[in-house]
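Q:
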Ligand code: C2E
Ligand code: MG
Ligand code: MG
């Protein structure tokens with residue numbers, strides 16, 4: 067697997083900042099709740115990294131990941147994200163909601179490299195997290211050569227994790243990926259969701275994705291839900307789970323805990 071390209075907005079001082087031993091001090095993890103669309107019940111959340119470069123300020127997470135893949139810092143950064151998210155899951159979320167699901171994005175460059183499966187597996191064991199409803203997300207477009215992640219993903223499945231194909235339908239060979247990657251769910255990309263309330267083509271494409279998921283017996287979730295019209299249209303197409311700014315924005319662990327506590331009252 068080759069690292070993804072990264073834009074030239076990121077300058078050499080960011081590269082240096084990324085290599086500094088204290089890089090983790092500037093990384094935070096936020097969480098975007100995943101809800102049951104019919105009821106608003108919170109089912110879990112997706113962990114999303116945030117990085118503020120000490121020299122140029124906030125860097126978009128996809129840029130950070132691409133940069134870290136290119137410089138070789140991806141292993142260290144992933145380890146910090148996974149450890150932080152599992153810590154929040156065990157200490158903050160599951161005490162308030164026993165079935166709370168957690169999704170963590172992993173870079174295919176990292177996962178395809180030496181020792182990544184053992185690292186992730188070891189961090190889960192160390193955290194004491196129950197492996198039920200623990201998801202690894204892999205972005206479809208980032209998997210350039212599916213073969214290098216098939217074995218690591220299969221190994222994670224064997225160790226009790228679920229795997230979701232993220233941004234489904236945006237890559238070159240989405241259907242083929244479903245044959246080769248051992249996935250247990252797909253995330254319908256916001257590119258489709260954006261048109262679902264009014265565009266018959268978007269509706270048909272989502273209906274087709276739902277049919278594929280049903281035929282394969284895997285889960286389906288919609289992301290990027292911004293309006294009530296979109297939520298209603300997705301429910302009409304048989305989608306039960308989703309996330310998006312119209313439901314909840316990505317938020318701190320404290321804010322997730324406050325939402326869960328309020329829901330429990
Ligand atoms: P993703 O995994 O598909 O995450 C969803 C992205 O959509 C997030 O952007 C989220 O903030 C954004 N989003 C959520 N709801 C809406 C909505 O209603 N409308 C719109 N327009 N956007 C919405 P974010 O946090 O900027 O992350 C971008 C991408 O960076 C992620 O896409 C993922 O591929 C990558 N990424 C983020 N955090 C991590 C991480 O911890 N590890 C790895 N390997 N990749 C990460
Ligand atoms: Mg994701
Ligand atoms: Mg996505």
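In our numbering, the protein residues as written are 67 to 331. Note that beta-carbon positions come from the ideal geometry of N, C-alpha and C, so glycine has one too. Bear in mind that the values here come from a model prediction, so they are computed numbers and not experimental data.
For residue 128, verify whether its CB is less than 7 angstroms away from any heavy atom of ligand 2.
A: On the chain shown, position 62 is the one that residue 128 refers to. Residue 128: no, Cβ never under 7 angstroms from ligand 2.
Q: Less than 7 angstroms separating the Cβ of residue 285 from some heavy atom of ligand 3?
A: Taking the first residue of the chain shown as 1, we reach residue 285 at position 219. It does not: the Cβ of residue 285 is nowhere closer than 7 angstroms to a heavy atom of ligand 3.
Q: What I want to know is whether the C-beta of residue 232 ends up closer than 7 angstroms to one or more non-hydrogen atoms of ligand 2.
A: As a working note, residue 232 is residue 166 in the chain shown. Under cutoff, so the answer is yes.
Q: For ligand 2, I want to know if residue 203 counts as a neighbour, meaning its beta carbon is within less than 7 angstroms of at least one of the ligand's heavy atoms.
A: Along the chain shown, read from residue 1 onward, the residue named residue 203 stands at position 137. Checking every heavy atom of ligand 2 against the Cβ of residue 203, one is found closer than 7 angstroms.
Q: Restricting to Cα atoms, I'd like to know which of 77, 308 and 268 is closest to residue 235.
A: Here residue 235 refers to the residue found at position 169 of the chain shown. Of 77, 308 and 268, the residue nearest in Cα terms is 268.
Q: How would you call residue 289, buried or exposed, if buried means at least 16 neighbouring beta carbons within 10 angstroms?
A: Here residue 289 refers to the residue found at position 223 of the chain shown. That one is buried.
Q: Considering only their Cβ atoms, is the gap separating residue 165 from residue 225 smaller than 8 angstroms?
A: Position 159 of the chain shown, counted from the start, is the residue given in the question as residue 225. Position 99 of the chain shown, counted from the start, is the residue given in the question as residue 165. No; because the gap between Cβ atoms is not below 8 angstroms, this pair is not in contact.
Q: Apply the 10 Å Cβ neighbour rule to residue 28 and answer buried if 16 or more other Cβ atoms are within range, or exposed otherwise.
A: Lying outside 67 to 331, the shown extent of the chain, residue 28 is not represented and no answer is given.
Q: Just reading off the beta strand (DSSP E) that residue 111 is part of, what are its end residues?
A: Counted from its first residue, the chain shown places residue 111 at position 45. Element bounds for residue 111: 108-119.
Q: Residue 262 by DSSP, collapsed to three states: which one?
A: By one-based count along the chain shown, residue 262 stands at place 196. Three-state DSSP puts residue 262 in coil, outside helix and strand.
Q: Mind checking residue 194: buried by the 16 CB within 10 Å criterion, or exposed?
A: Translated into positions along the chain shown, residue 194 becomes position 128. Exposed.
Q: At which residues does the alpha helix (DSSP H) containing residue 81 begin and terminate?
A: For this step, residue 81 is matched to residue 15 along the chain shown. 78-85 is the extent of the alpha helix (DSSP H) around residue 81.
Q: Identify, in the order they occur along the chain, each residue of the same chain with its Cβ nearer than 6 angstroms to the Cβ of residue 71, setting aside the five sequence neighbours on each side.
A: Taking the chain shown and counting its residues from 1, one reaches residue 71 at position 5. With a pLDDT of 48 at residue 71, under the threshold of 50, the modelled position of this residue cannot be trusted, and the question is left open.
Q: Report the rounded CA-to-CA distance for residue 185 versus residue 266, giving the unit in angstroms.
A: Taking the first residue of the chain shown as position 1, residue 185 is located at position 119. Taking the first residue of the chain shown as position 1, residue 266 is located at position 200. Each residue's alpha carbon lies about 45 angstroms from the other.
Q: Is it buried or exposed, residue 295, if we count other Cβ atoms within 10 angstroms and call 16 or more buried?
A: The residue given as residue 295 occupies position 229 in the chain shown. With fewer than 16 Cβ atoms within 10 Å of its Cβ, residue 295 is classed as exposed.
Q: Touching or not, the region 147-161 and the region 119-132, by the rule of three or more beta carbon pairs under 8 angstroms?
A: no
Q: May I have the straight-line CA-CA distance separating residue 134 from residue 302, to the nearest angstrom?
A: The sequence position of residue 134 within the chain shown is 68, counting from 1. The sequence position of residue 302 within the chain shown is 236, counting from 1. Separation of residue 134 and residue 302 (C-alpha to C-alpha, rounded to the nearest whole angstrom) is 40 angstroms.
Q: Within the 8 angstroms Cβ cut-off, does residue 289 reach chain D?
A: Protein chains in the displayed structure number just one, and chain D is not present.
Q: Report yes if the CB atom of residue 172 is closer than 8 angstroms to the CB atom of residue 155, and no otherwise.
A: Start at 1 with the first residue of the chain shown, and residue 172 comes out as number 106. Start at 1 with the first residue of the chain shown, and residue 155 comes out as number 89. Not a contact, by the Cβ cut-off of 8 angstroms.
Q: If you measure between the beta carbons of residue 305 and residue 103, is that distance less than 8 angstroms?
A: Reading the chain shown from its first residue, position 239 is the one you call residue 305. Reading the chain shown from its first residue, position 37 is the one you call residue 103. Taking 8 angstroms as the Cβ cut-off, residue 305 and residue 103 qualify as a contacting pair.
Q: Roughly how many whole angstroms lie between the Cα atoms of residue 90 and residue 143?
A: In the chain shown, the residue the question calls residue 90 occupies position 24. In the chain shown, the residue the question calls residue 143 occupies position 77. So the two alpha carbons sit approximately 7 angstroms from each other.
Q: Report the rounded CA-to-CA distance for residue 232 versus residue 205, giving the unit in angstroms.
A: Against the chain shown, residue 232 aligns to sequence position 166. Against the chain shown, residue 205 aligns to sequence position 139. Cα-Cα distance, rounded: 4 angstroms.
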